[in-house]
Each structure stands twice: as C-alpha cells, then as structure tokens.
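Engineer: In my numbering, the protein residues as written are 15 to 404. All residues carry an ideal CB built from backbone N, CA and C; glycine is no exception.
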Amino acid sequence: MSIGKNINIAVIGTGFMGRTHSYSSANLPFFYENLPFKAVLHTICSRDKQKGEQIKNNWGFLNSETDIDKILKNKEIDVIDICTPNIYHFDTVIKALEAGKNIYCEKPLVISSEQADKVIEKFEEINKTKNLICSMVFHNRFAPAVLKAKQLISDGKLGQIISFRCAYLHNSNIDLNKNAGWKQTAGNGGGVLFDLGSHAIDLVRFLCCGNNGENDIISVSGKSQIFFPVRKGMDGQDWHTDADEAFYITAQLKSGATGSIEASKLATGTNSDLSFEIYGEKGAVKYNIMQPNYLEFYDNTKPDGDYGGEKGFTKIECVQRYPKPGNVFPGPKAPVGWVRFHMHSMYIYLNGVYQNSLSEISPSFYDGAAVQKIIEKARLSDKTGKWETV
15 MSIGKNINIA VIGTGFMGRT HSYSSANLPF FYENLPFKAV LHTICSRDKQ
65 KGEQIKNNWG FLNSETDIDK ILKNKEIDVI DICTPNIYHF DTVIKALEAG
115 KNIYCEKPLV ISSEQADKVI EKFEEINKTK NLICSMVFHN RFAPAVLKAK
165 QLISDGKLGQ IISFRCAYLH NSNIDLNKNA GWKQTAGNGG GVLFDLGSHA
215 IDLVRFLCCG NNGENDIISV SGKSQIFFPV RKGMDGQDWH TDADEAFYIT
265 AQLKSGATGS IEASKLATGT NSDLSFEIYG EKGAVKYNIM QPNYLEFYDN
315 TKPDGDYGGE KGFTKIECVQ RYPKPGNVFP GPKAPVGWVR FHMHSMYIYL
365 NGVYQNSLSE ISPSFYDGAA VQKIIEKARL SDKTGKWETV
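1. Check whether the segment 279 to 291 touches the segment 179 to 197, taking contact to mean three or more Cβ pairs, one atom from each stretch, closer than 8 Å.
2. Assuming LYS246 is part of the alpha helix (DSSP H), what are its boundary residues?
3. Can you give the Cα-Cα distance for GLU47 and LEU86, rounded to whole angstroms?
4. Between which two residues does the alpha helix (DSSP H) harbouring ASP396 extend?
5. On the three-state DSSP scale, how would you describe ASN22?
6. Buried or exposed: where does HIS103 fall if 16 or more other Cβ atoms within 10 Å of its Cβ makes it buried?
7. Three or more beta-carbon pairs under 8 Å between the segment 130 to 137 and the segment 351 to 370, yes or no?
8. Rounded to a whole number of angstroms, what is the C-alpha to C-alpha distance between GLU374 and MET150?
9. Can you tell which of THR28, TYR37 and TRP253 has the C-alpha that lies nearest to the C-alpha of VAL361?
10. Going residue by residue through the segment 116 to 190, where are the continuous beta strand (DSSP E) segments of at least 3 residues, counting only ones entirely within it?
11. With DSSP as the reference, identify every bridge partner of GLN266, one or two as the case may be.
12. Short of 8 Å in beta carbon distance, which residues of its chain neighbour GLY66, apart from the five on each side in sequence? Order them along the chain.
13. Within its chain, find whatever has a CB closer than 6 Å to the CB of ASN20; leave out the 5 residues flanking it on each side and keep chain order.
14. Excluding the five sequence neighbours on either side, which residues of its own chain have a C-beta within less than 6 Å of the C-beta of ALA384, listed in chain order?
15. Drop a sphere of 10 angstroms on the beta-carbon of GLN129, count the other beta-carbons inside from all chains shown, and report buried for 16 or more, exposed for fewer.
16. Looking at LYS387 and GLU402, is the spacing between their C-beta atoms short of 7 Å?
17. Could you tell me the alpha carbon to alpha carbon distance between GLY366 and ILE147, rounded to whole angstroms?
18. Is there a C-beta anywhere in chain D that falls below 7 Å from the one on ILE58?
19. Below 8 Å on the Cβ atoms is my guess for ILE232 versus GLN266; work out the distance and round it to an integer in Å.
20. State the DSSP-derived secondary structure class of SER78, mapped to helix, strand or coil.
21. Kindly identify the DSSP beta-bridge partner or partners of ASN302.
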C-alpha cells in the first residue's frame, strides 16, 4: 500500500478507547513538530447510525458508517483502528488483513491462542505480497519513565535480571451497586486478565525479556479470584460473576529470573495503579503510573560508606522528555499523563505506516500473540493447579 501525506483512519468503536484513539490521532500536530504525514479522521463506525453521526460531528470525522464491510471496501481508508469489545477483534482483524488494510488493534489481540495463531498465519500470508503495518496498543510502553527503564536495562545497568514484580490494580469491582460492564463478562471476552493483565504481561516482556524476546516467559503458575460471585449485571439484575475479578501469576523467564504479575479490580483504595519493580545483579528500577514523571533507579555499583555513601534509589525526572520531534509541546519539563502515552504510541505507529516500515512497529502482532499464549497458559494453570509451560 502506497501511503501519501494523508493517512486516512477508520475507527471501529465509539466507546472510551474509540474516543482516546481519535483524540490521539487528531492532536498529533500539536505535540510533534513538522510531521511528514497528516492523520485524517476519515470514518467512525458505530452500530447506531444516529450515535455515529453525532460522534462524527463532535469528534471531527469526515464520515460515519454502521457497516464494517463497507469501510473495508473503501479504498480511501489506509488504517483500521479497532476499539471494539474483545470478542469482536478476531473477525475484524482477519477481514481487515484480507482487505489489505493496515491495522492498529486495542489489546488483547484476540481471545484465544488458537485465534492468535490464525491471525499470525493470515498476516504472514498476506504480507508475502503486501507490506501491511499492523500493531498492538500496549500504550504503557510509551511512558517516558518506562522507555527510560528499557534504556537502562538494554544498556546493562541492571546486569542480569534476578526478579520482577508488576501489578495493575483497580478498585472498579468493589462497588456492588454498580452494574457490570462488558469487560467483566466472559461472553464478551472479558475478565481482568485480558483487560489489565495483558498490559502487565506486556510490560514484563518489554522490559525483562530482551529486544527480540530471547529471554521470554517460559512457564507460569496462575490463580484467579472471584470475590463477589453475585453482583448486578449489565441489565441491573442479579448476575453470577463469570469472569475473573483478580488474577495472580508467578512467571519464570528463560534466564531463570522469576517474578509475579498481578491484575486486580478488587484493590480497594487504588485508582489505576500500574507499577513494576525489576531487580538485577547490578541495579534495580521502580515505577508507579500514579507518579508517572519519575523512574527510580538503584545503581549497585555505587560505593557504600558512612551515612550510606552514594547508595540509594535515585529519582530520574523523565517528565515529558520524549525525543524529537515529540518534545515541543507542552515541553520536556511539563508533567506527563496517561493520554500522552497513547499519543506517543499512535505517533510511533502512524510514522511506521508513513515510512511503510514494519521495523518501526512495536509492539507488533507477534507481541500480541505472545501475550495471548501466556494468558491462556496462566488460565490453564488455574484449572490444573500446576505450572504450565508456555
């Protein structure tokens, strides 16, 4: 596919993530100077025609549509941006690949390893004759502090990794007066492991497993938790909870490093608390998204001495220090936030589309498939009570 200066985007889904992705695309010129491309909000897709028209006008799209097939046949559209419930990802991804469209897909890629394998098979088949640029949305990779942690680890500042902890905690399942949403229902591919756990697993892989996944997660032990077996369903009536409200994983890397990955919507007192700690022989890093401007780094090669010498965790002020051209607004010293991570993810992806280069794309569909397999093995371990090989 030959991409001109305009990259025409169709966003499939009008929920929270549809809003987030649309905002990210539309506002790139304010945050990235002299972009060689323009992200065009071409078509918004909603099942409700009236709602689609309203959102088209409110968000600045050129068109609205209810029929995905018509969108896929539209030769003007370059990118299909998938923001639908998990259960619908597979069909849309396969159809978009067959239609020769570039794809930007919210996590998780699909809802099973079998589906993930079929996506990869189709992607590789299509790309024998095309060069489709397809990416996953694991936007937490793109926080400056996370990218700094990646840099330190890649530069060997931590040495060999010994252990890790990553947790993504919400309190959103605590309130029993609140109706369940689709992310809490198994029928929609819901559950906290898919929703929050996929992000935590991806961060462990991104930071701990090497640039090409050569030190990947090789075995897992998983345990799910449903603390409130009966709650209000999507219709407000009593409903038996059918998807995990919390999930706990112990994971081992190929190198022998071992750690924990936790995803929970039962964490009273939290908001959207994503954190990690990574401990190596030469150093350590710590991060919490609720304090997103800083990465804590411990350099174990520093000398000890009276009153501590030079030992101790140091806060690195990552703030909004993205490399050019992404540091012009609101400036490298301005506090950073969650939407900004999404914007940098979108920039990296669309720049890859413009360059027509798969080498620019991270995370890829292969990363999405790898996360899917780890999720599936963790769920199997929950059933068998045994460690499972990935």
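Structural biologist: Here's the rundown:
1. The answer is yes - the segment 179 to 197 touches the segment 279 to 291, with three or more Cβ pairs under 8 Å.
2. For LYS246, there is no enclosing alpha helix (DSSP H); the enclosing beta strand (DSSP E) has its first and last residue at 244 to 246.
3. GLU47 and LEU86 have their C-alpha atoms some 31 Å from each other.
4. Taken as a continuous stretch (DSSP letters only), the alpha helix (DSSP H) holding ASP396 covers 379 to 398.
5. ASN22 carries a strand assignment under DSSP once its states are collapsed to helix, strand and coil.
6. When all chains shown are included, HIS103 counts as buried.
7. No, they do not touch.
8. One C-alpha to the other measures close to 13 Å.
9. As written in the sequence, residue 361 is Tyr, which differs from the Val given in the question. Nearest C-alpha to TYR361: TYR37.
10. For the segment 116 to 190, whole beta strand (DSSP E) runs of length 3 or above, ordered along the chain, are 116 to 120, 148 to 151 and 175 to 184.
11. Answer is SER233 and THR272.
12. Sequence-distant Cβ neighbours of GLY66 in its own chain, meaning closer than 8 Å and more than five residues away, are THR28, ILE58, CYS59, SER60, SER78, GLU79 and THR80.
13. Only LYS52 and VAL54 meet the Cβ criterion.
14. In its own chain, leaving out the 5 sequence neighbours on each side, no residue places its CB closer than 6 Å to the CB of ALA384.
15. GLN129 is buried by the Cβ-count criterion.
16. For GLU402 and LYS387, no; Cβs fall outside 7 Å.
17. So the alpha carbons of these two residues sit roughly 7 Å apart.
18. In the structure shown, chain D cannot be found, because there is only a single protein chain.
19. Right, the Cβ-Cβ distance comes to about 6 Å (below 8 Å), so this counts as a contact.
20. SER78: strand per DSSP, three-state reduction.
21. In the DSSP secondary-structure assignment, ASN302 is bridged to SER289.
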